[in-house]
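Residue numbers (the numbering used here): 1037 to 1650. Quick reminder that beta carbons are idealized off the backbone N, C-alpha and C, glycines included. Step one of this worksheet: look at the structure below.
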């Protein structure tokens, strides 16, 4: 099997090889599937037994017409049949949407489901791809997406919610606002193929909004939710005119007998289906927790029934995928052939705990098992892949993602040493081990708002009661900023010295010396110099006094320890954290956990399903 693994994946373009092809290469026994995003808990074993018992009947006879099967599904979901079109999988519906409703251009965030980019290009349409940034955790900003659509003049816009492969989620309010802002477009498609696995809010679907709008289609999947990808059935919801236009082009028998059998079985198994969704959500939390414990592995928050992960520095996704399959019989989705992604990312389907333990064990052996055979090389020994990201990966690893070596970050955290408390020329930067990488504090100060500039830049004297500015305490390298040391205060700024720490009390020796001179006149006592024991400056101040005229001013708040800079202790890239994700982060919640709702007694309606699952 190992000899044919690479050829199997090379021949599948933007998708993975089928499970049938993999089984043929392994004596009829397929691997543990972390690739195909279906529901592992539905149908129930009893439903499979019923299907098996009716197999001869199902494959022998023609199915009913698509209208009959659609009417049964609509009765189940409490949707008007005139607003629904059922297809032989959601890809068939995407194909007809492209042929009938996309005239010139389509916008889609990437990475995403491949048919949304490939299908319009195959028919000569312009596809405007809005990149989801890794630096933002692949989160979609609807406002920026709208600006992109307006700038490009795109006529059709698509949002996948949750998005495949990263599991990103938008609230119902955000999606409705998106539709409101783009009422003038030819078409808006909201692909909710994975939405029933989401639990970030109680009612995330916009199905009810779609039937009231002239240019909105909501796409839904049945194979993913019901764990039956092989049956190929899905549906869309839109106003009667749009739905009817699609429905009129579909073949009369585009749905097979397996699809008909399952649809007519569902009304008896609503409770089991709802329970399967709860189990998938529970497993998603546990799986994310276990994966995030692997060193260097990034797990992104997801609302789908899959997790998007970034491999450790130096790991090549195709190597990890092939070794997991050939050595551990585990199939994963490497995302190097997805537009907007790379081979550094895997999409891992949520599965029960027993399978997850096997996945984690296999990844540990492949990534770190032995240094000679591990997919992750030792830091500094180079990488075995040529995707152009190795240098960036190592830079992120060594700088914690903020462009400053970790040693320099650590030095910036404690209070300033005495040698840096007096303004003056910045000392030479110590070598960092990264050629050309030298921390540059000046641009950071230049980007600060005027009210946060260091005190030495203020042109007017500060009143005695004014408190020190917080920005001074937050900038650990104020003494090193170019331009600060050259700015000398005007004589009228002397009252600002009242803000500074008072000079230390005179020592006992000095006090005794003054007591011995009590017989001298009052004027002489006032003009007498302060004893040297209380006046001696630090060695750094003496060095600066010799090199600068006039002497430098009193430093601003030398005794206050600088506050930690924002972002230290984390990496500069969302998801690259020092610890594993919390449950709330994995689930992508933005609102408090909703109270559990009562157990449903029958199959939920499409628009009310999420109120029942919580």
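Backbone secondary structure at residue i - three-state DSSP
i	result
residue 1076	coil
residue 1405	coil
residue 1328	helix
residue 1392	helix
residue 1227	strand
residue 1234	coil
residue 1387	coil
residue 1204	coil
residue 1272	strand
residue 1264	coil
residue 1214	helix
Boundaries of the beta strand (DSSP E) in which residue i is found, first to last residue
i	result
residue 1166	1162-1167
residue 1278	Note, residue 1278: premise wrong, no beta strand (DSSP E); alpha helix (DSSP H) at 1276-1285.
residue 1088	It is not in any beta strand (DSSP E) - residue 1088 instead sits in the alpha helix (DSSP H) that spans 1081-1089.
residue 1193	1192-1196
residue 1068	1068-1070
Cα-Cα separation between residue i and residue j, rounded to whole angstroms
i	j	result
residue 1260	residue 1230	7 Å
residue 1152	residue 1140	14 Å
residue 1123	residue 1272	8 Å
residue 1177	residue 1295	37 Å
residue 1285	residue 1135	10 Å
residue 1109	residue 1268	15 Å
residue 1210	residue 1088	44 Å
residue 1118	residue 1102	13 Å
residue 1381	residue 1353	6 Å
residue 1405	residue 1396	12 Å
residue 1169	residue 1303	42 Å
residue 1486	residue 1389	Here residue 1486 scores only 44 on pLDDT, less than 50, and its place in the model should not be relied on; the value that follows carries that caveat. Residue 1486 and residue 1389: Cα-Cα distance of roughly 54 Å.
residue 1251	residue 1232	23 Å
residue 1351	residue 1357	11 Å
residue 1365	residue 1190	44 Å
residue 1095	residue 1212	43 Å
residue 1399	residue 1265	26 Å
residue 1158	residue 1185	21 Å
residue 1073	residue 1385	5 Å
residue 1128	residue 1155	10 Å
residue 1181	residue 1198	16 Å
residue 1253	residue 1126	12 Å
residue 1098	residue 1150	32 Å
Where the alpha helix (DSSP H) through residue i begins and ends
i	result
residue 1257	Careful: residue 1257 lies outside any alpha helix (DSSP H), inside the beta strand (DSSP E) at 1252-1257.
residue 1178	1178-1188
residue 1298	1293-1301
residue 1246	1243-1246
Quick check on the DSSP output: what are the complete alpha helix (DSSP H) runs of length 4 or more inside the region 1096-1165, in order along the chain?
1102-1113, 1126-1137 and 1151-1158
Can we say the region 1328-1338 touches the region 1368-1376, given the rule of at least three CB pairs closer than 8 Å?
no
With a floor of 4 residues, list each alpha helix (DSSP H) that falls wholly inside the region 1312-1373, ordered by position along the chain.
1353-1364
Does the region 1347-1355 come close enough to the region 1313-1323 that 3 or more CB-CB pairs lie under 8 Å?
no
Is it the case that the region 1213-1224 contacts the region 1295-1313, given that we only count it when at least three CB pairs across the two stretches are under 8 Å?
no
Indicate whether the contact test is met: 3 or more Cβ pairs, each with one atom in the region 1191-1211 and one in the region 1145-1162, closer than 8 Å.
yes
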